[in-house]
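Peer 1: Numbered per the working numbering, the sequence shown spans residues 32 to 627.
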Amino acid sequence: MALSCMRCPAGATGSARRAPFATAAAAVSFARCGGLGRSASAAAAACWRIHAVAPQGAKAPMTADVKHVVTPPASPKVENGSPSEITLDEFEDLSALCKNGNDDSTVSITVVGASGDLAKKKIFPALFALYYEDCLPKHFTIFGYARSKMTDAELRNMVSKTLTCRIDKRENCSEKMEEFLKRCFYHSGQYDSEEHFLDLDKKLKQHEGPRVSNRLFYLSIPPNIFLDVVKCASKSASSVNGWTRVIVEKPFGRDSESSAALTRGLKQYLVEDQIFRIDHYLGKELVENLSVLRFSNLVFEPLWSRQYIRNVQLIFSEDFGTEGRGGYFDGYGIIRDIMQNHLLQILALFAMETPISLEAEDIRNEKVKVLRSMKPLQLEDVVVGQYKSHTKGGTTYPGYTDDKTVPKDSVTPTFAAAALFINNARWDGVPFLMKAGKALHTKRAEIRVQFRHVPGNLYKGSFGTDLDRATNELVIRVQPDEAIYLKINNKIPGLGMRLDRSNLNLHYAARYSKEIPDAYERLLLDAIEGERRLFIRSDELDAAWSLFTPLLKELEEKRIAPELYPYGSRGPVGAHYLAAKYNVRWGDLSAEHYKA
32 MALSCMRCPA GATGSARRAP FATAAAAVSF ARCGGLGRSA SAAAAACWRI
82 HAVAPQGAKA PMTADVKHVV TPPASPKVEN GSPSEITLDE FEDLSALCKN
132 GNDDSTVSIT VVGASGDLAK KKIFPALFAL YYEDCLPKHF TIFGYARSKM
182 TDAELRNMVS KTLTCRIDKR ENCSEKMEEF LKRCFYHSGQ YDSEEHFLDL
232 DKKLKQHEGP RVSNRLFYLS IPPNIFLDVV KCASKSASSV NGWTRVIVEK
282 PFGRDSESSA ALTRGLKQYL VEDQIFRIDH YLGKELVENL SVLRFSNLVF
332 EPLWSRQYIR NVQLIFSEDF GTEGRGGYFD GYGIIRDIMQ NHLLQILALF
382 AMETPISLEA EDIRNEKVKV LRSMKPLQLE DVVVGQYKSH TKGGTTYPGY
432 TDDKTVPKDS VTPTFAAAAL FINNARWDGV PFLMKAGKAL HTKRAEIRVQ
482 FRHVPGNLYK GSFGTDLDRA TNELVIRVQP DEAIYLKINN KIPGLGMRLD
532 RSNLNLHYAA RYSKEIPDAY ERLLLDAIEG ERRLFIRSDE LDAAWSLFTP
582 LLKELEEKRI APELYPYGSR GPVGAHYLAA KYNVRWGDLS AEHYKA
C-alpha cells in the first residue's frame with residue numbers, strides 16, 4: 032500500500048490512517064515532509080537534534096555535526112527478530128516530538144553568490160518549493176550573500192521574479208510567497224573578508240535568538256573562491272551550538288591534482304561530514320529510482336549482470352550550444368562538465384553491488400568499489416567532437432568558435448563518446464557506453480540497457496538477419512518527460528505469425544498526478560536533514576578523477592582536434608564507429624526511439 036503524509040489530503044483516508052509504520056524512525060521520517068523518502072537515520076537525526084554539547088557562549092569551530100545530549104526513545108519491542116509496528120497514536124506522538132524539537136532550534140541558510148543565475152533560477156525557487164510543501168523547519172531564515180550592493184527589499188524583488196506556484200497549482204500560493212520572502216534577507220560583502228562574514232554572523236544571531244542555531248552555506252560561486260569563503264565562514268560565521276554544513280557545487284577541480292588540492296583546502300576548515308558535494312543529477316527522480324527498480328523487483332536483479340546484459344548506454348544530449356557561456360565552458364569541456372560527474376555517478380549507482388543497507392555510507396562504499404574496479408579511459412576508446420555552424424529552415428545556427436567568448440582555435444570538445452569497462456565478476460566484458468553533447472538534434476538524458484539475444488530463438492526468422500531488432504531493451508528516461516519502458520517482442524494480432532517490438536511503458540506524467548520535485552529541492556532537503564546518500568564523498572571523487580585525468584591530459588597536451596558536426600545533428604560519425612567496435616548500436620538513434 033502506498034502511504035502519504037498525514038498532513039496531506041491523501042493521508043486523511045481511513046485506510047491510510049490505519050496503516051502502521053515499521054519503525055519509529057520511519058514514522059518520524061514520514062511525518063517530516065510528505066513521505067519524501069528520508070532515510071531512517073536522517074529522519075531520526077532531524078528529530079533528536081535539539082540540544083548541543085557545546086557550552087553556551089563558547090565560539091565553536093566549524094567542525095563535525097555536534098553531538099547531542101537528547102537521546103531517542105527506547106527502541107520498539109522486537110518480535111521474531113523485527114521491530115514491532117507503530118500505531119497511529121504512536122506516530123502522532125512522534126510527530127509532536129519532532130515539532131517540539133523544532134521549537135528549540137533554527138536553520139539559517141546562506142546562499143553565497145545570491146546574485147548569480149544558479150541562485151536565482153534554481154536555489155531560491157527550490158527553497159520556496161520546500162517551504163510551500165511544509166518541508167522546511169518551523170524556524171528558518173534565508174540570507175543572500177554576494178559582493179553586489181543590494182537591500183533586503185531588492186533581494187526579495189529579484190527572488191520573487193523566479194518563484195512560481197507550479198506545485199499542484201494549489202491555493203494560497205501568493206500568501207505563501209509573501210511569507211517566504213519575509214524570511215529572506217541580504218548581506219553584501221567580499222568573499223575573502225572575515226570582517227564581512229562576522230557582520231553576517233551578527234545578523235544571523237539576531238534572527239536565531241536563543242535557539243540552537245544550525246547553519247547551512249550554499250556556495251553558488253566559482254570554484255576559485257571556494258576556499259576563501261569556507262575560511263571566512265569557518266572563522267567568523269559558524270554555529271556556536273549547532274551544526275554547520277557547506278554545499279559545494281561542481282566543478283570539483285579540473286583533474287586529480289586540482290581536485291585533491293581543493294579537498295585538502297576544504298578539510299583545513301571542515302571535516303568530511305560537513306562537506307556536501309552536490310551533483311544535481313543524483314537528485315533527479317529517475318536516478319534515485321534506480322536502486323528501487325533494481326533491488327525491490329525480483330524480475331530485474333537476477334538479470335543485472337554480464338550473463339544477460341549485452342551493453343549499457345548512458346546518453347546526455349542538449350539541443351542548444353553554449354549560447355554566450357562559451358568562455359566558462361571552454362575551460363572545462365563536455366567531458367569534465369557532464370561525463371566525469373553526472374554520467375559516471377549514474378553508472379556507479381547502476382552497477383554497484385547490493386549495499387548492506389540504505390544508509391549513506393553503505394551506498395557510497397559500493398559506488399566507490401565500482402569506480403575502483405574500472406580502468407582509466409584510453410584515447411582509442413574515446414571520440415570527441417565540436418559543433419559547427421549550420422543553416423536549417425532558413426535559420427543559421429552559430430558554431431562553437433563563433434561565440435565571441437571562445438578562442439577561434441579552440442579544440443575544447445562539445446561532444447564526447449566513450450567506452451568504459453568494469454573489471455569485476457558481475458560486469459566483466461560488458462561495455463558501458465557514454466555519450467554527451469551540446470547542439471544536438473534533441474534534448475534528452477537516459478539510460479538504455481540492451482539485453483543479450485535469446486539463444487536458439489525460435490522466431491529469429493521473423494526478424495531476418497538483424498538480430499538487434501529482437502533484442503529486449505530497458506530504457507530509463509531521466510529527462511524530459513520521465514518514463515521507464517521495456518521493449519519486448521510481441522505477435523501482431525491476426526491469422527499470420529508476424530512479430531513487432533512493443534513497449535511496456537511507465538509514463539510518469541500519465542501514472543502520477545503529482546508533479547515531480549526539482550532535483551535541487553530533494554538535495555537541499557537532504558542537506559538540511561543531514562542525509563548524505565546523494566552527495567559525493569572525497570574518496571569517490573578521487574576515484575572518478577583517476578579514470579578521466581590521464582585522458583584529459585593526453586587530449587590537451589596533444590591538442591587533438593575534435594571531429595566537427597553540424598549544429599542540430601546527431602553528432603560526429605566517429606561515435607557510431609566507436610559503438611560498432613564493440614558490436615553495439617546506439618539505442619537513441621532508432622526510429623522506435625521517437626515513438627516511446
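C-beta: ideal position from N, C-alpha, C; glycine also. Everything numeric in this text was worked out from a predicted model, so none of it was measured.
#1: Starting from aspartate 531, trace the beta strand (DSSP E) both ways and give me its first and last residue.
#2: Give every residue of the same chain whose Cβ lies closer than 8 Å to the Cβ of phenylalanine 326, excluding the five residues on either side of it in the sequence, and list them in chain order.
#3: Helix or strand or just coil, what does DSSP make of phenylalanine 216?
#4: What would DSSP say about serine 326, mapped onto helix, strand or coil?
#5: Return the CA-CA distance between leucine 530 and lysine 518, expressed in angstroms with no decimal places.
#6: Which word fits glutamate 303, buried or exposed, when buried means at least 16 other C-beta atoms lie within 10 angstroms of its C-beta?
#7: Helix, strand or coil for serine 191 per DSSP?
#8: Which first and last residues belong to the alpha helix (DSSP H) in which glutamine 376 is found?
#9: Between which two residues does the beta strand (DSSP E) holding arginine 457 run?
#10: Expressed to the nearest angstrom, what Euclidean distance is found between the alpha-carbon atoms of lysine 455 and leucine 374?
#11: Just to confirm the assignment, what range does the beta strand (DSSP E) spanning histidine 421 have?
#12: Per DSSP, which one or two residues make a beta bridge with tyrosine 418?
#13: Contact between the region 564-576 and the region 340-356 is defined here as three or more beta-carbon pairs at a separation below 8 Å; is this criterion met?
#14: Indicate the three-state DSSP secondary structure (helix, strand or coil) for methionine 465 in the structure shown.
#15: On the three-state DSSP scale, how would you describe arginine 370?
#16: Ignore the nearest five residues each way along the sequence and tell me which others in serine 569's own chain have a CB closer than 7 Å to its CB.
#17: Would you say leucine 582 and methionine 405 are within 7 Å of each other, going by their C-beta atoms?
#18: Answer yes or no: do valine 318 and asparagine 272 have a C-beta to C-beta separation smaller than 7 Å?
#19: Glutamine 376: which of Gly430, Lys281, Lys545 and Pro511 sits nearest, CA to CA?
#20: State the Cα-Cα distance for the pair leucine 464 and alanine 610, rounded to the nearest angstrom.
#21: Tell me whether the beta-carbon of phenylalanine 381 lies closer than 7 Å to the beta-carbon of leucine 321.
#22: Return the first residue and the last residue of the alpha helix (DSSP H) that tyrosine 551 is part of.
#23: Any contact between the region 436-444 and the region 413-421? By contact I mean 3 or more CB pairs, one from each, below 8 Å.
#24: For phenylalanine 482, collect the residues of the same chain with a Cβ closer than 8 Å to its Cβ; drop the 5 residues on either side in sequence, then sort them by chain order.
#25: For arginine 214, which residues in the same chain have their Cβ closer than 7 Å to its Cβ, ignoring the five residues on either side in sequence?
#26: By alpha-carbon positions, which one of Arg403, Lys522 and Ser191 ends up nearest to serine 533?
#27: Put phenylalanine 257 into one of helix, strand or coil per three-state DSSP.
#28: Measure the C-alpha to C-alpha separation of tyrosine 516 and arginine 508 and round it to an integer number of angstroms.
#29: Isoleucine 365 and alanine 447 look like a contact to me (Cβ under 8 Å); what is the Cβ gap, rounded to whole Å?
#30: Find out if the Cβ-Cβ distance for the pair phenylalanine 307, phenylalanine 566 is shorter than 7 Å.
#31: Check this for me: beta carbons of cysteine 263 and phenylalanine 228, under 7 Å apart or not?
#32: Return helix, strand or coil for valine 401, following the three-state DSSP convention.
#33: How is the alpha helix (DSSP H) around glutamate 332 delimited, first residue to last?
#34: Just to confirm, is the Cβ distance from threonine 348 to arginine 479 under 7 Å?
#35: When you compare only the Cα positions, how much space is there between valine 190 and aspartate 368?
#36: Go to threonine 580, then tell me how far its alpha helix (DSSP H) extends in each direction, as first and last residue.
Peer 2: Put simply:
#1: Its beta strand (DSSP E) spans residues 530-538.
#2: For phenylalanine 326, where only same-chain residues beyond five positions count, the Cβ hits under 8 Å are Glu332 and Thr385.
#3: Residue state, collapsed to three classes: strand.
#4: First, the residue type needs correcting, since residue 326 is phenylalanine and not serine in the sequence shown. DSSP places phenylalanine 326 in helix when its eight states are reduced to three.
#5: Their backbone Cα atoms lie some 13 Å apart in a straight line.
#6: Classification for glutamate 303: exposed.
#7: Assignment of serine 191 by DSSP, reduced to helix, strand and coil, places it in the helix class.
#8: 375-382 is the span of the alpha helix (DSSP H), which, as asked, contains glutamine 376.
#9: Here arginine 457 belongs to no beta strand (DSSP E), and DSSP marks it neither H nor E.
#10: Looking at the sequence itself, residue 455 is asparagine, so the reference to lysine does not match. Their backbone Cα atoms lie some 20 Å apart in a straight line.
#11: Where histidine 421 is concerned, the enclosing beta strand (DSSP E) stretches over 421-423.
#12: Per DSSP, Tyr596.
#13: Taking 8 Å as the limit for Cβ pairs, the verdict is that the region 340-356 does not touch the region 564-576.
#14: Methionine 465: strand per DSSP, three-state reduction.
#15: The sequence as given places methionine at residue 370; arginine does not occur at that position. Methionine 370 falls in the helix class under three-state DSSP.
#16: Result list for serine 569: Thr294 and Glu303, in chain order.
#17: No, they are not a contact pair.
#18: In this structure, valine 318 lies away from asparagine 272, with their beta-carbon atoms at least 7 Å apart.
#19: The shortest Cα separation from glutamine 376 among Gly430, Lys281, Lys545 and Pro511 belongs to Lys281.
#20: Looking at the two C-alpha atoms, the distance is approximately 8 Å.
#21: Going by beta carbons, phenylalanine 381 and leucine 321 fall inside the 7 Å limit.
#22: Element bounds for tyrosine 551: 550-560.
#23: Short answer: they touch.
#24: Cβ neighbours of phenylalanine 482 beyond the five flanking positions: Leu334, Tyr339, Ile340, Arg341, Thr502, Asn503, Glu504 and Leu505.
#25: Residues of the same chain with a CB within less than 7 Å of the CB of arginine 214, apart from the 5 flanking positions on each side, are Phe171, Thr172 and Ile173 in chain order.
#26: A check of alpha carbon separations from serine 533 across Arg403, Lys522 and Ser191 identifies Lys522 as the nearest.
#27: Helix, per DSSP.
#28: For tyrosine 516 and arginine 508, the gap between their C-alpha atoms comes out near 8 Å.
#29: Between alanine 447 and isoleucine 365 the Cβ distance is about 5 Å, and since that is below 8 Å, they are a contact.
#30: Contact: yes.
#31: Yes, these two residues count as a Cβ contact at 7 Å.
#32: Correct three-state label for valine 401: helix.
#33: Where glutamate 332 is concerned, there is no enclosing alpha helix (DSSP H), given that its DSSP letter is neither H nor E.
#34: Per the sequence shown, the amino acid found at residue 348 is serine instead of threonine. Cβ distance not < 7 Å, so serine 348 and arginine 479 don't count as in contact.
#35: Computed Cα separation, rounded: 27 Å.
#36: Here the alpha helix (DSSP H) through threonine 580 covers 569-588.
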